[in-house]
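Just so you know, the sequences run in chain order A and B.
For the first sequence, the positions run 1 to 141 when this note's numbering is used.
For the second sequence, the positions run 1001 to 1500 when this note's numbering is used.
Here the structure is laid out as structure tokens; the discussion comes afterwards.
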Amino acid sequence: MKRLSADFWSGLALGGLGAYIIVTASRWEYLGQDGPGPGFFPLWYGIAMSALSLLLVVSSFSKSGKVDWSDAPRALATWAAFAAMCAAFKLIGFLPAFALLTFFIVAVMYRRPLVVAATVSVALAAGFYVLFPLALGVKLP
Amino acid sequence: MEILSGLMQGFAVALQPMNLLWCFVGVVLGTVIGVMPGLGPPATIAMLLPLTFLMNPAAAMIMLAGIYYGAKYGGSTTSILLNVPGESASVATCIDGYQMARNGRAGAALGIAAIASFIAGTVGVLGLMLIAPPLARMSLAFSSPEYFALMALGLAMVVLLGGDSMVKALLATLVGLWLAGIGTDLFSQTSRFTFGRMELLSGIDFVVVAIGVFAIGEVLANMHERGGAPAIAVPKGLRNLLPTRQDLKDSRFAFANGSLVGFFIGVLPGAGSTIASFISYGIEKAVSRHPEKFGQGVVEGVAAPEGANNAETGGALIPMLTLGIPGSSTTAVLLAALVLWGFKPGPLFIPENPAMFWGLVASMYLGNVMLLVLNLPLVPVFAQVLRAPTYVLYPLVLGISVVGVYSTSSSLFDVWLLAGFGLGGYLMRKLDYPSAPLILGLVLGGAMERALRQSLMMSDGSLSILVARPVSAVMLSLALLILLVPLFGKFNAWRLKALK
């Protein structure tokens, strides 16, 4: 059996979004006494999105476009570390969380020695502290 | 006379010491960003945008524009020395630039790229100065139907040239329109697509989406790059960077070709500097007496695309400033910057903010001179940027992105949205969805819906108003024609060839 392509799945996801937009927009006023209501514009782009997604899904069966996902583990690991940093803001503050993210990227993703990773993470965090709160008066998370 | 007095006013603004300093900072930063493969001007401008709230808007605009055109200069360095374009606009420069470098003429290639960039960049600013004010006056006659049609035409152009698949480009535009619609509807006070979250009532901040898609998405997409390829060494000494008299003579037509093609393509929404540089390269090859030498390292093959991608900047600012319609990701971010600072880009922008507009124009003249002076002797210094380790750069980009988003809203919810849009930006790259249509849909979505609803209020709900008025009818017909292009095999083949 032929494997379904990335276009198929992305078309399906966007088709779902289009359907959600249509269903939600149809609950709002379409045309009122003062002219078009809040549902007018979303309904039309929702319909367009659903139709185009369907076109993408159908056309994906005749195409063999493959996506190279070989770099995805590195990208997703970095994204997960970034999301963890965002979650850690409330607990430990921006600077330590940012230093940890930097340490992870340098030591784990780029396989640099731990000393290099520690130096880069401390230096960048210190640089951020000096530049943003001290020099520019910008509040950190 | 009016232009001359405006320009004098502009130089009075641009020559203020702080504005000169910010112009310098912008062009240097732009050059560095241009040299660095991976990080482009939209990501940089989006990241720095929140920090510009602390600055005078004129100075901030001068700096951000400096990044925009400075990156075009820097992009050639990486193309010539590394055969890797620093940004997409420099792809065409790789063809002959790298060959020149391999033939031992790296200095001449870098020199001619800087000179072509300066000449064409200056022509682009001249065009901006001459065309923008009359176009703004002309568009004062536009009403809601014309604005709606104009925005539809702009989006159609961006979709046409947005990527290999027009369906994907259209879908990206529609997602942008949807994101723009999230929040409270100003006409009826209805909350739309807010998922019950209070934080979404005021909508999604453009900065969050732009930084997420461009900066975080770019970092994630480039994580597989573990180290730089070896670059060809830059010859030392200014004399070795100067092209010969014969080089300049051979490039005469290329300078003019690049300047004009780049500028006029820049005015068209969606076309962009990559297409401008390829068309200019193609014209240069077509009219050359030795087309067979193209690709082996001819100086015209560097001058034409480099000129075109720099002249495009001046052209691209025209629809953004005079009509409020950006034609590319970078101009979309610049438009958002103007809106965030409290300005309203459109027909009234120039008459209401002459100091800002003319200050920007004058700063671009000065910035181009700065770039020429900087780029010729300092190319070896900028080339050192290529040695900067990515494991330092990427955490830096991620950190600046977070600080940038948090500084505008002080909301951790926005930081989470940033992470979400970052992942979305990465997936868009992997799945080949162009990001420019999404950003333009987001930027224009609100205004487009407003214009459509106002038009329909004017006509008591009849859509015929959009085709009854000649200007909007012509623009909508053009938009429709553009969207039907893929149905015509030959045109679609041309479109795909232009994109490749």
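Even glycine gets a Cβ: it sits at the ideal position worked out from N, Cα and C.
Hey, could you find the ends of the alpha helix (DSSP H) residue i is sitting in?
i: Trp1358(B); result: Pro1354 to Ala1383
i: Lys1168(B); result: Met1166 to Gly1181
i: Met1001(B); result: It is not in any alpha helix (DSSP H) - Met1001(B) carries neither H nor E in the DSSP assignment.
i: Glu1300(B); result: Glu1300 to Thr1322
i: Lys1249(B); result: Arg1245 to Asp1250
i: Phe41(A); result: Phe40 to Ser60
i: Leu1201(B); result: Here Leu1201(B) belongs to no alpha helix (DSSP H), and DSSP marks it neither H nor E.
i: Phe103(A); result: Phe94 to Phe103
i: Asn1056(B); result: It is not in any alpha helix (DSSP H) - Asn1056(B) carries neither H nor E in the DSSP assignment.
i: Arg1102(B); result: Val1091 to Arg1102
i: Ile1275(B); result: Gly1272 to Val1287
i: Val1403(B); result: Thr1390 to Ser1409
i: Pro1291(B); result: From DSSP, Pro1291(B) is part of no alpha helix (DSSP H); its letter is neither H nor E.
i: Arg1429(B); result: Leu1412 to Lys1430
i: Tyr110(A); result: Looking at the DSSP string, Tyr110(A) is not in any alpha helix (DSSP H), and its letter there is neither H nor E.
i: Trp1022(B); result: Pro1017 to Val1035
i: Gly1212(B); result: No alpha helix (DSSP H) holds Gly1212(B); DSSP gives it neither H nor E.
i: Phe1148(B); result: Ser1144 to Leu1160
Which residue or residues does DSSP assign as beta-bridge partners of residue i?
i: Arg1453(B); result: BP columns for Arg1453(B) are empty, so no partner.
i: Leu1110(B); result: DSSP lists no partner for Leu1110(B).
i: Pro36(A); result: Leu31(A)
i: Arg1192(B); result: Gly1183(B)
Residue i to residue j, Cα distance in whole Å?
i: Ala77(A); j: Leu1110(B); result: 39 Å
i: Gly1202(B); j: Ile1216(B); result: The amino acid occupying residue 1202(B) in the given sequence is Ser; Gly does not appear at that position. Ser1202(B) and Ile1216(B): Cα-Cα distance of roughly 23 Å.
i: Ala97(A); j: Gly1212(B); result: 19 Å
i: Val67(A); j: Ala6(A); result: 7 Å
i: Gln970(B); j: Leu134(A); result: Past the boundaries of the shown model lies residue 970(B); chain B is included only from 1001 to 1500, so the question cannot be answered.
i: Ile21(A); j: Gly137(A); result: 41 Å
i: Ile1112(B); j: Val1267(B); result: 25 Å
i: Val1125(B); j: Ser1273(B); result: 15 Å
i: Gly1342(B); j: Tyr1068(B); result: 21 Å
i: Cys86(A); j: Phe1413(B); result: 10 Å
i: Gly1104(B); j: Val1385(B); result: 21 Å
i: Gly1301(B); j: Asn1309(B); result: 13 Å
i: Ala51(A); j: Trp9(A); result: 15 Å
i: Met1157(B); j: Pro113(A); result: 49 Å
i: Gly1307(B); j: Ile1279(B); result: 12 Å
i: Met1475(B); j: Arg1192(B); result: 30 Å
i: Val1207(B); j: Leu1241(B); result: 40 Å
i: Leu1220(B); j: Val1415(B); result: 16 Å
i: Gly1040(B); j: Ala1071(B); result: 8 Å
i: Phe1053(B); j: Met1061(B); result: 11 Å
i: Gly37(A); j: Gly1183(B); result: 15 Å
i: Pro1354(B); j: Asn1019(B); result: 16 Å
i: Phe1294(B); j: Val1381(B); result: 29 Å
i: Ser1143(B); j: Gly1346(B); result: 12 Å
i: Gly1026(B); j: Thr1044(B); result: 11 Å
i: Leu1179(B); j: Ile1204(B); result: 7 Å
i: Ser1277(B); j: Leu1177(B); result: 30 Å
i: Ala1451(B); j: Val130(A); result: 46 Å
i: Val58(A); j: Leu4(A); result: 11 Å
Just checking my contact of residue i with residue j at CB under 8 Å: how many whole Å lie between their CB atoms?
i: Ser1411(B); j: Glu1199(B); result: 6 Å
i: Gly1441(B); j: Leu1007(B); result: Contact doesn't hold; Cβ gap of about 35 Å is too wide.
i: Leu55(A); j: Val1167(B); result: 6 Å
i: Pro1243(B); j: Ala1065(B); result: Pro1243(B) to Ala1065(B), Cβ: 28 Å. No contact.
i: Pro1042(B); j: Val1405(B); result: In fact, because the Cβ distance is near 15 Å, the residues do not count as touching under 8 Å.
i: Leu144(A); j: Phe128(A); result: An answer regarding residue 144(A) cannot be provided, because it is not within the stretch 1 to 141 covered by chain A.
i: Ser1455(B); j: Ile1439(B); result: Contact doesn't hold; Cβ gap of about 24 Å is too wide.
i: Leu1371(B); j: Phe1195(B); result: Actually they do not touch by this definition, with Cβ atoms about 47 Å apart.
Is residue i near the ligand FMN, with its Cβ less than 6 Å from a heavy atom?
i: Ala81(A); result: Annotation note on the ligand FMN: not contained in the displayed structure, which lists no ligands.
Inset, instruction - Mind the definition here: the stretch 89-106 of chain A touches the stretch 1416-1432 of chain B only if three or more C-beta pairs lie below 8 Å; say whether that holds. - result: no
Inset, instruction - Mind the definition here: the stretch 1349-1361 of chain B touches the stretch 1472-1486 of chain B only if three or more C-beta pairs lie below 8 Å; say whether that holds. - result: no
Legend entry - Cβ contact (3+ pairs, closer than 8 Å) linking the stretch 1311-1324 of chain B and the stretch 1130-1137 of chain B: yes
Inset, instruction - Evaluate contact between the stretch 1425-1434 of chain B and the stretch 1253-1265 of chain B, counting only Cβ atoms and requiring at least three cross-stretch pairs below 8 Å. - result: no
Legend entry - Validate contact between the stretch 1360-1370 of chain B and the stretch 1338-1347 of chain B using beta carbons, cut 8 Å, 3 pairs: no
Legend entry - Contact the stretch 1005-1014 of chain B vs the stretch 1034-1052 of chain B: 3+ CB pairs below 8 Å: no
Inset, instruction - Would you be able to state if there are at least three C-beta pairs under 8 Å between the stretch 1133-1152 of chain B and the stretch 1094-1114 of chain B? - result: no
Legend entry - Touching by the beta-carbon criterion (3+ pairs, under 8 Å), the stretch 1288-1296 of chain B and the stretch 1323-1330 of chain B: no
Inset, instruction - Would you be able to state if there are at least three C-beta pairs under 8 Å between the stretch 33-50 of chain A and the stretch 1444-1454 of chain B? - result: yes
Legend entry - At least 3 beta-carbon pairs within less than 8 Å: the stretch 1383-1403 of chain B vs the stretch 1133-1147 of chain B: no
Inset, instruction - Report yes or no: do three or more beta-carbon pairs, one from the stretch 1176-1196 of chain B and one from the stretch 22-34 of chain A, lie closer than 8 Å? - result: yes
Legend entry - chain C contacts from the stretch 49-67 of chain A (Cβ-Cβ distance under 9 Å): Looking for chain C here will not work: the only protein chains present are A and B.
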